[in-house]
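Residue numbers (the numbering used here): 5 to 315.
Beta carbons: idealized from backbone N, C-alpha and C, even for Gly.
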Ligand code: SF4
């Protein structure tokens with residue numbers, strides 16, 4: 005099977021938290037119960053209410069097994085939806101199956117929304133690493149930043165996170181995304197710090213929207229604010245985590261970039277260094293192809309051009 009034909013696998017992609025992450029997506033594109041203002045996948049067209057068995061577990065596992073035969077190098081296998089992976093009904097079975105296929109750690113990235121659901125907590129218990137988000141500190145900030153389904157309650161989700169953190173035997177890496185003017189001021193950070201006291205976690209990452217967000221008005225915290233916030237919260241600023249290079253086993257340079265930006269936007273510098281690492285002799289040609297492809301959306305953000313595949 006060629007890389008372009010894999011439906012559920014993407015990467016390995018450099019992750020600032022995990023090294024080289026081989027992604028497995030069990031949900032259809034942008035199936036999520038939030039529509040975060042900073043989401044790099046754009047706005048959520050329809051907020052999902054309940055879990056679903058979108059694809060047979062066996063199909064996803066068969067793809068991963070096939071892909072692993074290529075001997076690809078990666079550090080962690082990460083279940084990360086093109087939306088929210090806990091919306092996948094077969095998550096527990098999938099994690100059990102993935103752990104049989106690899107000795108590498110299996111991680112799940114989640115927005116925490118379904119942690120009040122015991123079945124979801126039981127499914128996540130099978131992972132080695134769970135990376136839940138906590139960006140808000142009350143209902144009002146939750147609605148502004150994560151824009152959840154309207155019946156969702158911040159307190160209930162926070163309690164679910166606290167409960168899960170105490171039950172979970174693996175590594176719990178918490179992430180807080182800071183958005184300028186929404187949750188990066190001192191009063192917000194102190195409220196978040198108060199909430200952290202009840203959560204048992206192994207690592208805390210403080211992040212900022214480095215890729216084009218769903219809403220054009222979203223801004224990163226000011227220079228130095230991320231580090232100051234990380235210090236106040238006792239976490240690690242994600243901008244300090246080294247990012248390894250992008251990698252693809254797809255031989256054609258242009259196709260390789262398409263296979264990456266399908267799930268992970270890349271900016272012009274990342275594309276350039278990726279092409280350099282592959283000794284590509286005609287970068288201009290590859291950039292021209294990207295610019296001419298109507299399925300590739302280009303966004304000017306933070307002074308450079310970012311490319312993502314939208315179809
Ligand atoms: S950032 Fe994650 S949780 Fe938020 S809308 Fe995007 S996919 Fe959903």
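Item                                                                                                                                                        : Value
So, residue 29 versus residue 86, is the Cβ gap smaller than 8 Å?                                                                                           : yes
Could you give the distance in angstroms between the alpha-carbon of residue 285 and the alpha-carbon of residue 220?                                       : 35 Å
Compute the Euclidean distance between the alpha carbons of residue 127 and residue 107, then round it to the nearest angstrom.                             : 19 Å
Taking only the alpha-carbon atoms, compute the straight-line gap between residue 309 and residue 272 and give it to the nearest angstrom.                  : 6 Å
With distances taken Cα to Cα, identify the nearest neighbour of residue 292 among 37, 116 and 261.                                                         : 261
Just how far apart, CA to CA, sit residue 62 and residue 82?                                                                                                : 17 Å
Please classify residue 29: does DSSP put it in a helix, a strand, or coil?                                                                                 : coil
Taking DSSP as the reference, what is the three-state secondary structure of residue 164?                                                                   : helix
So, residue 171 versus residue 120, is the Cβ gap smaller than 8 Å?                                                                                         : no
Are there 16 or more other CB atoms within 10 angstroms of the CB of residue 267, so buried, or fewer, so exposed?                                          : buried
Report whether the distance from the Cβ of residue 43 to the nearest heavy atom of the ligand SF4 is below 7 Å.                                             : yes
Within 10 Å of its beta-carbon, does residue 204 have 16 or more other beta-carbons around it, so buried, or fewer, so exposed?                             : exposed
Are there 16 or more other CB atoms within 10 angstroms of the CB of residue 130, so buried, or fewer, so exposed?                                          : buried
What I want to know is whether the C-beta of residue 302 ends up closer than 7 Å to one or more non-hydrogen atoms of the ligand SF4.                       : no
Excluding the 5 residues flanking residue 164 on each side, which residues of the same chain have their C-beta closer than 8 Å to its C-beta?               : 116, 118, 119, 120, 121 and 125
Compute the distance between the beta-carbons of residue 101 and residue 72, then report whether it is under 8 Å.                                           : no
Can you tell me whether residue 57 is buried or exposed, with buried defined as 16 or more other CB within 10 angstroms of its CB?                          : exposed
According to the Cβ coordinates, are residue 44 and residue 91 closer than 8 Å?                                                                             : no
Let's test the definition: count the other Cβ atoms within 10 Å of the Cβ of residue 19 and tell me whether it reaches 16, buried, or not, exposed.         : buried
What does the Cβ neighbour count give for residue 246, buried or exposed, with the cut at 16 atoms within 10 Å?                                             : Reliability fails at residue 246, whose pLDDT of 44 lies under 50, so the model's placement of it is uncertain and the value that follows must be treated cautiously. Under this definition residue 246 is an exposed residue.
For a test of your reading of the model: does the CB of residue 27 fall under 7 Å from any non-hydrogen atom of the ligand SF4? Yes or no.                  : no
Throw me the rounded Cβ distance for the residue 236 and residue 208 pair, which I believe falls under 8 Å.                                                 : The Cβ separation is near 11 Å, so there is no contact.
If residue 67 and residue 12 are in contact, beta carbons under 8 Å, what's the gap, nearest whole angstrom?                                                : 5 Å
Does residue 299 pass the burial test, meaning 16 or more other C-beta atoms within 10 Å, or should it be called exposed?                                   : exposed
Beta carbon of residue 210, beta carbon of residue 182: below 8 Å?                                                                                          : yes
Keeping to the same chain, check which residues put their C-beta closer than 7 Å to that of residue 149; ignore five residues upstream and five downstream. : 40, 41, 139, 140, 183, 186 and 187
Fully enclosed by the segment 104 to 155, which beta strand (DSSP E) runs are 3 residues long or longer?                                                    : 110 to 114 and 133 to 136
Given that a residue counts as buried once 16 or more other Cβ atoms are within 10 Å of its Cβ, and exposed if not, what is residue 110?                    : buried
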